[in-house]
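Inspection log for the structure reproduced underneath, given as structure tokens.
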Amino acid sequence: MRAAVVESPLKIRIDKVPLPVPDVGAVRVRLEGCGVCGSNLSAWEGRPWFNYPLAPGELGHEGWGIVDALGSNTTKFKLGDRVAMLSYRAYAEYDVASEESMVKLPENLRNHLFPGEPLACAINVFRRCRIEPGQNVAIVGIGFMGALLTALAAQSGVNVIAISRRKTALQVAQACGAAEAIPMEDHFRIIDQVNTFTKSQGCDCVIEAVGCQGPLDLAGELTRERGRLVIAGYHQDGPRQINLQLWNWRGLDVINAHERDPAIYLRGMEAAVEAVASGTLNPAPLFTHTYKLEELPEALNAMKNRPDKFMKALITL
Ligand SMILES: [Zn+2]
1 MRAAVVESPL
11 KIRIDKVPLP
21 VPDVGAVRVR
31 LEGCGVCGSN
41 LSAWEGRPWF
51 NYPLAPGELG
61 HEGWGIVDAL
71 GSNTTKFKLG
81 DRVAMLSYRA
91 YAEYDVASEE
101 SMVKLPENLR
111 NHLFPGEPLA
121 CAINVFRRCR
131 IEPGQNVAIV
141 GIGFMGALLT
151 ALAAQSGVNV
161 IAISRRKTAL
171 QVAQACGAAE
181 AIPMEDHFRI
191 IDQVNTFTKS
201 QGCDCVIEAV
211 GCQGPLDLAG
221 ELTRERGRLV
231 IAGYHQDGPR
241 QINLQLWNWR
251 GLDVINAHER
261 DPAIYLRGME
271 AAVEAVASGT
281 LNPAPLFTHT
291 YKLEELPEAL
301 NAMKNRPDKF
311 MKALITL
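FYI, UniProt numbering numbers position 127 of the sequence shown as 127, with every residue one higher than the one before it.
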């Protein structure tokens, strides 16, 4: 099969490698596609803690496709089932995963592209926000995750304030139900605008969905006393500084919403499949860019540079 190999930072080649063999309790999937995730950037750009070359297909973890081989002791799936999965080498034509980390896609999603992992991630982050109707919620950073969170929050009856650098992303947030859209330009002006919107109360919950220092600082400033600061951005390119004086004074609940428990991941993925199948969540307009496997460098660069209207890149096979 063909698989993308990150040879060194900013360098990818396509290799021919043997088909992976599913282990006990695992299933092999012929991939139809794989989402390209912001968390890939640190390995793509290079950090001292990565060893290159990476394994064939490695970094791809948002795959979906057709079950093609079953390992021993598998019970959940049959050959030909269409599934979304959490696996780790899905920038390739095939990947294997435990059957405990995949979800069957129902017939009415036949024509849907379905990167399950980021959809599960949005559902799981949203659950950890514990938002209640009538609250003011700011979402700092409107990428794919921020837009999904805007839709989930708006549907549950909260006032969503979307904050983003890009005008087109703010338009997406408004289409997803944001009550207020603020350009991420001037730190103090944003704080003023949020204060005006919330009648000087601040936000009950702020979701930081960028993964950079500046937006994290801003998110802290916007959270009210005893409010909830939810860190959904991926902060794995190095250490951060935090204004603990402020966090401590306001008595904030700070949630690191990066999910680590595979069972909760699976539940999030099941809930995502249900939400999309029943029409309560519609990620399709957010899949703005698709690429072939050999165009993975272009996909990663697009994610980094965020061209106009970019929300999410997918590799399709
Ligand atoms: Zn991801």
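Each residue gets a CB set at the ideal place from its N, CA and C atoms; glycine is no exception.
- In this structure, DSSP gives D261 a state outside helix and strand, which the three-state scheme calls coil.
- The bridge partners DSSP lists for N136 are N159.
- Residue state for D23 is assigned as coil, using DSSP reduced to three classes.
- E45: member of the alpha helix (DSSP H) spanning L41 to E45, first to last residue.
- Note on Q245: under 16 other CB atoms within 10 angstroms of its CB, so exposed under the neighbour-count rule.
- Burial check for G251: the Cβ neighbour count within 10 Å stays below 16, so the residue is exposed.
- For the pair E7 and L314, the Cα-to-Cα distance works out to about 21 Å.
- Taken through DSSP and simplified to helix, strand or coil, G63 comes out as strand.
- Shortest gap from the CB of P118 to any heavy atom of ligand 1: under 8 Å.
- DSSP places M303 in the helix class (H, G or I) of the three-state scheme.
- The continuous stretches of beta strand (DSSP E) do not include T168, which lies in the alpha helix (DSSP H) extending over residues K167 to A175.
- C-alpha of E58 to C-alpha of A4: approximately 8 Å in a straight line.
- Inter-segment contact for the segment 188-200 and the segment 81-97 is absent: fewer than three beta-carbon pairs are separated by less than 8 Å.
- A distance below 9 Å separates the beta carbons of R228 and V206.
- Between C203 and V137, the C-beta gap is smaller than 9 Å, which places the two residues in contact.
- When distances are taken from the beta-carbon of H61 to the heavy atoms of ligand 1, the shortest one is below 8 Å.
- Separation of E208 and S39 (C-alpha to C-alpha, rounded to the nearest whole angstrom) is 15 Å.
- Its chain contains K309, F310, M311, K312 and A313 as the residues whose beta carbon lies nearer than 8 Å to that of T288, once the 5 sequence neighbours on both sides are disregarded; these appear in chain order.
- C-alpha of G63 to C-alpha of W249: approximately 43 Å in a straight line.
- In the three-state DSSP reduction, L31 falls in the strand class (E or B).
- Excluding its 5 nearest sequence neighbours in each direction, M1 has C-beta neighbours in its own chain below 7 Å: V17, L19, A92, E93 and Y94, listed in chain order.
- About 6 Å separates the CB atoms of R47 and D237; that is less than 8 Å, so the two are in contact.
- Assigned with DSSP and collapsed to three states, H187 falls in helix.
- Taking C-beta atoms as the reference points, P285 and A175 count as a pair closer than 9 Å.
- For the segment 213-267, the continuous beta strand (DSSP E) assignments of 3+ residues that do not extend past its boundaries occur at 223-231 and 253-256, in sequence order.
- By the beta-carbon neighbour count (other beta carbons within 10 angstroms, threshold 16), E185 is exposed.
- According to DSSP, E295 shares a beta bridge with no other residue.
- Straight across, the Cα-Cα distance linking A26 with R89 is about 14 Å.
- T288 has no beta-bridge partner at all, per DSSP.
- For I12, the enclosing beta strand (DSSP E) covers residues K11 to K16.
- Taking the Cβ atoms as the reference, G157 lies roughly 25 Å from G233, outside the contact range of under 8 Å.
- For T150, the number of other beta carbons within 10 angstroms of its own is at least 16, and it is reported as buried.
- Under the three-state reduction of DSSP, A179 is assigned to coil, being neither helix nor strand.
- Across the set Q155, G116, M269 and A69, the C-alpha of Q155 shows the shortest separation from the C-alpha of Q135.
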